[in-house]
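K.L.:
Got a structure for you, questions after.
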Amino acid sequence: MRLSRAFQPTLKENPAEAQIVSHRLMLRAGLVRQTASGIYAWLPAGLRVLRNIAQIVREEQDRVGAQEVLMPTLQSAELWKRSGRYDAYGPEMLRLVDRHERDLLYGPTNEEMITDILGSSVRSYKDLPQTLYQIQWKFRDEVRPRFGVMRGREFLMKDAYSFDVDYDGAVQSYRRMMLAYMRTFRRLGVAAIPMVADTGPIGGDLSHEFIILAPTGESGVFFDAGYEEMDWVGEAVDVEDPAALAAFYDRVTTLYAATDEKHDISAWDALAPDRRREGRGIEVGHIFYFGTKYTKSMDISVAGPDGAALHPEMGSYGIGVSRLVGAIIEASHDEAGIKWPVGVAPWKAALLNLKPGDAACDAICNDIYARHGEDLLYDDRPDRAGVKFADADLMGHPFQLIVGPRGAAAGTVELKRRADGTREELPLAEALARVFGA
RNA sequence: CGGGGCGUGGCGCAGCCUGGUAGCGCGCCUGUUUUGGGAACAGGAGGCCGCCGGUUCGAGUCCGGCCGCCCCGACCA
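Once you know that position 3 of the first sequence is 3 in full-length UniProt numbering, the rest is easy, because the numbers rise by one and skip nothing.
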């Protein structure tokens, strides 16, 4: 993309409405614009980030056998009356009425709908297990939206739902999802530690929140230093092998990790002092098992092996996709702007032509742009160098390919890494190889 | 939902107390000179001062109501 033609409005000053750093940077870098309290429009660069995150989430869901669906944002109140949640949910649920005076709601979550869909199509225990997911906009009418996109009213969420014949099956589903989450967050370039979470009335220990460490996080967190060297990815784990799954699961969940709400002082004190880590974090995912809560209340059942009806055991698994955009920025930025992890950046690199109009600079840039135009943002604007550096730093491209008369004469380009600020003069081919691979 | 604050060119703000020609910085447009970290000079465009009502000869300013947004707290992917 050529910056001279891009809809890429950057701001030099901080909008007054934004307090926290990710919100300010998202506004300044031209990722989003607020249209109402807690509701945002996504501009081209922001949408690219959102899509990159969604795609990584999607690939890792698919990899553990979950299947993607897409359910509507508007739901019939009837469904929710069946589960009893229509009255229980409270004012956070946005309710509306259509022209026929039918009650509708903008979905804050989809347990009822997915349970109904699955239940109406599945007859036998042989049709299970199933895990279905979607990436869809949700709406929760928060009393007080804040922190920009991290606590908006409308938000993009990946929500998955598993259905199993029995508890053991549900545990397998839960563990597979744990594996998928660890892989997902690693690919997103952030460390999200699974922390024990409240299981509500269900009990048990099958509930984890995934917390990204960031100094501006909402909750205090306590965890074992072992998480700093954790193999999060479980590359070799076979999702069909319960023993392998269990081994991975134990490895990533047995070390101590809890938010302040669930902090256990005695367990904490039992840890060697040099292994204690304290900080703050942002919740970006939550997985939990809730058994037959909805299959019972909505009377969804399948025939079991003995012919008797059984209510499938469910779990549900969320990732806050739009929240992650803000959370990643909270975890990765400096005074100058965003530092995108490579996997989520809107563009892999910025190409800075420091002297448009200079034959040598133009030739080099055009050559690079012709080859990698899809993956980079070409700053061909007739502005001064300082403006380009500042905007590139703000927007947080992982790499900056800097082409100026100096290097052009020497046959080199300058490669700057946004992550650590290092710069080096390299021959063109080598610089491109560093950025785009050999 | 309780408490606090703010709505004035695109953005950041002053002006309001004490009513009388709407201002500053940045950005934007034109020109000249500049050109490796948000340039300089000159000229220019751009405003139902959130909305409605009231007081007044006269309201950005005073009074009432409404709307919107932000912050702190209780609550959440």
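Quick reminder that beta carbons are idealized off the backbone N, C-alpha and C, glycines included. Since the model is a prediction, treat every value here as computed from it, not as a measurement.
With distances taken Cα to Cα, identify the nearest neighbour of P9 among A45, H23, I20.
P.N.:
Walking along the first sequence from the start, residue 9 turns up at place 9. The residue with the shortest Cα to Cα distance from P9 is A45.
K.L.:
Distance check for G396 and A390, CA to CA, integer angstroms please.
P.N.:
For the purposes of this step, residue 390 is taken as residue 390 along the first sequence, with counting starting at 1. For the purposes of this step, residue 396 is taken as residue 396 along the first sequence, with counting starting at 1. Answer to the nearest angstrom: the Cα atoms are 10 Å apart.
K.L.:
Going by C-alpha to C-alpha distance, which of L74, V321, N110, Q130 sits closest to L96?
P.N.:
By 1-based counting over the first sequence, the position of residue 96 is 96. Checking every option, the nearest Cα to that of L96 belongs to L74.
K.L.:
According to DSSP, what are the bridge partners of E17?
P.N.:
Indexing the first sequence from 1 puts residue 17 at position 17. In the DSSP output, where bridge partners are listed per residue, E17 has none listed.
K.L.:
Cβ of Y161 within 9 Å of Cβ of S316?
P.N.:
Mapped onto the first sequence, residue 161 falls at position 161. Mapped onto the first sequence, residue 316 falls at position 316. Against a cut-off of 9 Å, the Cβ pair of S316 and Y161 comes out as a contact.
K.L.:
Rank G357, A309, D299, A331 by C-alpha distance to the C-alpha of A214 and give the top, closest one.
P.N.:
Along the first sequence, read from residue 1 onward, the residue named residue 214 stands at position 214. Minimum Cα distance to A214 is reached at A331.
K.L.:
So the alpha helix (DSSP H) L50 belongs to, where does it begin and stop?
P.N.:
Here residue 50 corresponds to residue number 50 of the first sequence, with the count starting at 1. Element bounds for L50: 44-63.
K.L.:
Closer than 8 Å is the cut-off here; do at least three beta carbon pairs connect the region 341-361 with the region 296-310?
P.N.:
They do not touch, by the three-pair rule.
K.L.:
Could you check if W340 is buried or exposed, using at least 16 other CB atoms within 10 Å of its CB as the buried criterion?
P.N.:
Looking up residue 340 in the first sequence gives position 340. W340 should be labelled buried.
K.L.:
Are the region 178-185 and the region 44-64 touching, with three or more C-beta to C-beta distances below 8 Å?
P.N.:
These segments touch.
K.L.:
Just the C-alpha distance for I319 and H286, rounded to the nearest angstrom, thanks.
P.N.:
Residue 319 sits at position 319 when you count from the first residue of the first sequence. Residue 286 sits at position 286 when you count from the first residue of the first sequence. Roughly 7 Å separates the two Cα atoms.
K.L.:
For the alpha helix (DSSP H) that contains K81, what are its first and last residues?
P.N.:
Start at 1 with the first residue of the first sequence, and residue 81 comes out as number 81. Where K81 is concerned, the enclosing alpha helix (DSSP H) stretches over 77-83.
K.L.:
Per DSSP, what kind of secondary structure is S22 in: helix, strand or coil?
P.N.:
Walking along the first sequence from the start, residue 22 turns up at place 22. Helix, per DSSP.
K.L.:
Taking 8 Å as the threshold, find out whether the region 238-252 comes into contact with the region 281-299 through three or more Cβ pairs.
P.N.:
Short answer: they don't touch.
K.L.:
Please report how far the alpha carbon of R123 lies from the alpha carbon of S173, in whole angstroms.
P.N.:
Numbered from 1 along the first sequence, position 123 holds the residue referred to as residue 123. Numbered from 1 along the first sequence, position 173 holds the residue referred to as residue 173. Whole-angstrom Cα-Cα distance: 20 Å.
K.L.:
Does Y89 come out as helix, strand or coil in the three-state DSSP assignment?
P.N.:
Within the first sequence, residue 89 is the residue found at index 89, counting from 1. It is coil, neither helix nor strand.
K.L.:
Quick one: using the 10 Å Cβ neighbour count with 16 as the cut-off for buried, is F399 buried or exposed?
P.N.:
Here the question's residue 399 lines up with position 399 in the first sequence. Buried, by the Cβ-count rule.
K.L.:
Candidates R384, H333, P242: which alpha carbon is nearest G421's?
P.N.:
Residue 421 sits at position 421 when you count from the first residue of the first sequence. Nearest of R384, H333, P242 to G421, Cα basis: H333.
K.L.:
By Cβ distance below 7 Å, which residues in the same chain neighbour R323 in space, the five residues on each side in sequence not counted?
P.N.:
Position 323 of the first sequence, counted from the start, is the residue given in the question as residue 323. Hits under 7 Å: V149, M150, F155, V284.
K.L.:
Taking its Cβ as the centre, do 16 or more other Cβ atoms sit within 10 Å of V387, making it buried, or is it exposed?
P.N.:
Walking along the first sequence from the start, residue 387 turns up at place 387. It is exposed - the Cβ of V387 has fewer than 16 other Cβ atoms within 10 Å.
K.L.:
With distance defined between alpha-carbon atoms, name the residue in A345, L377, G404 nearest to R5.
P.N.:
Numbered from 1 along the first sequence, position 5 holds the residue referred to as residue 5. With distances taken between Cα atoms, R5 lies closest to L377.
K.L.:
Mind checking whether V171 and Y289 have CB atoms under 9 Å apart?
P.N.:
Indexing the first sequence from 1 puts residue 171 at position 171. Indexing the first sequence from 1 puts residue 289 at position 289. Yes, the pair counts as a contact, with Cβ atoms nearer than the cut-off.
K.L.:
Which of the three DSSP states, helix, strand or coil, is assigned to A230?
P.N.:
Counting from one through the first sequence, the residue named residue 230 turns up at place 230. Checking the displayed sequence, the identity of residue 230 turns out to be Met instead of Ala. Note: M230 maps to coil in three-state DSSP.
K.L.:
Using C-beta distances below 7 Å, list every residue in its chain close to A408, excluding the 5 sequence neighbours before and after it, in chain order.
P.N.:
Sequence index remark: in the first sequence, residue 408 carries index 408 (1-based). Within the same chain, A408 has close Cβ partners A360, C361, I364.
K.L.:
Can you tell me whether residue 444 is buried or exposed? The criterion is at least 16 other CB atoms within 10 Å of its CB, across all chains shown.
P.N.:
Residue 444 lies beyond the stretch modelled for the chain, which goes from 1 to 438, so this question has no answer here.
K.L.:
Keeping to the same chain, check which residues put their C-beta closer than 6 Å to that of N14; ignore five residues upstream and five downstream.
P.N.:
Along the first sequence, read from residue 1 onward, the residue named residue 14 stands at position 14. Only R24 meet the Cβ criterion.
K.L.:
Check whether the Cβ atoms of P346 and V57 lie closer than 9 Å to each other.
P.N.:
Position 346 of the first sequence, counting from 1, holds the residue named residue 346. Position 57 of the first sequence, counting from 1, holds the residue named residue 57. No.
K.L.:
Just tell me which of L432, A18, R276 has its CA closest to the CA of A370.
P.N.:
Reading the first sequence from its first residue, position 370 is the one you call residue 370. Comparing Cα positions, the closest option is L432.
K.L.:
With a threshold of 7 Å on Cβ separation, who are the neighbours of S83 within its own chain once the five nearest residues in sequence on each side are excluded?
P.N.:
As a working mapping, residue 83 is identified with position 83 in the first sequence. Contacts found: E112, Y294, S297, M298.
K.L.:
Hey, could you find the ends of the beta strand (DSSP E) L118 is sitting in?
P.N.:
Reading the first sequence from its first residue, position 118 is the one you call residue 118. First-last for L118: 111-119, but that is the alpha helix (DSSP H), not the beta strand (DSSP E).
K.L.:
Among P405, I368, P382, whose alpha-carbon lies nearest the alpha-carbon of A429?
P.N.:
Mapped onto the first sequence, residue 429 falls at position 429. Considering only alpha carbons, the answer is I368.
K.L.:
Does L70 pass the burial test, meaning 16 or more other C-beta atoms within 10 Å, or should it be called exposed?
P.N.:
Numbered from its first residue, the first sequence carries residue 70 at position 70. By the neighbour-count rule (16 or more Cβ atoms within 10 Å), L70 is not buried but exposed.
K.L.:
Using 10 angstroms around the beta-carbon of T35, count the other beta-carbons present and answer buried if the total reaches 16, otherwise exposed.
P.N.:
For this step, residue 35 is matched to residue 35 along the first sequence. It is exposed - the Cβ of T35 has fewer than 16 other Cβ atoms within 10 Å.
K.L.:
Starting from Q172, trace the alpha helix (DSSP H) in both directions and tell me its first and last residue.
P.N.:
For the purposes of this step, residue 172 is identified with residue 172 of the first sequence, where counting begins at 1. 167-187 is the extent of the alpha helix (DSSP H) around Q172.
K.L.:
With distance defined between alpha-carbon atoms, name the residue in R176, G169, I212, A267 nearest to D238.
P.N.:
By 1-based counting over the first sequence, the position of residue 238 is 238. If we check each option's Cα against that of D238, R176 comes out closest.
K.L.:
Short of 6 Å in beta carbon distance, which residues of its chain neighbour M93, apart from the five on each side in sequence? Order them along the chain.
P.N.:
Reading the first sequence from its first residue, position 93 is the one you call residue 93. Closer than 6 Å at Cβ, skipping near neighbours: L105, P108.
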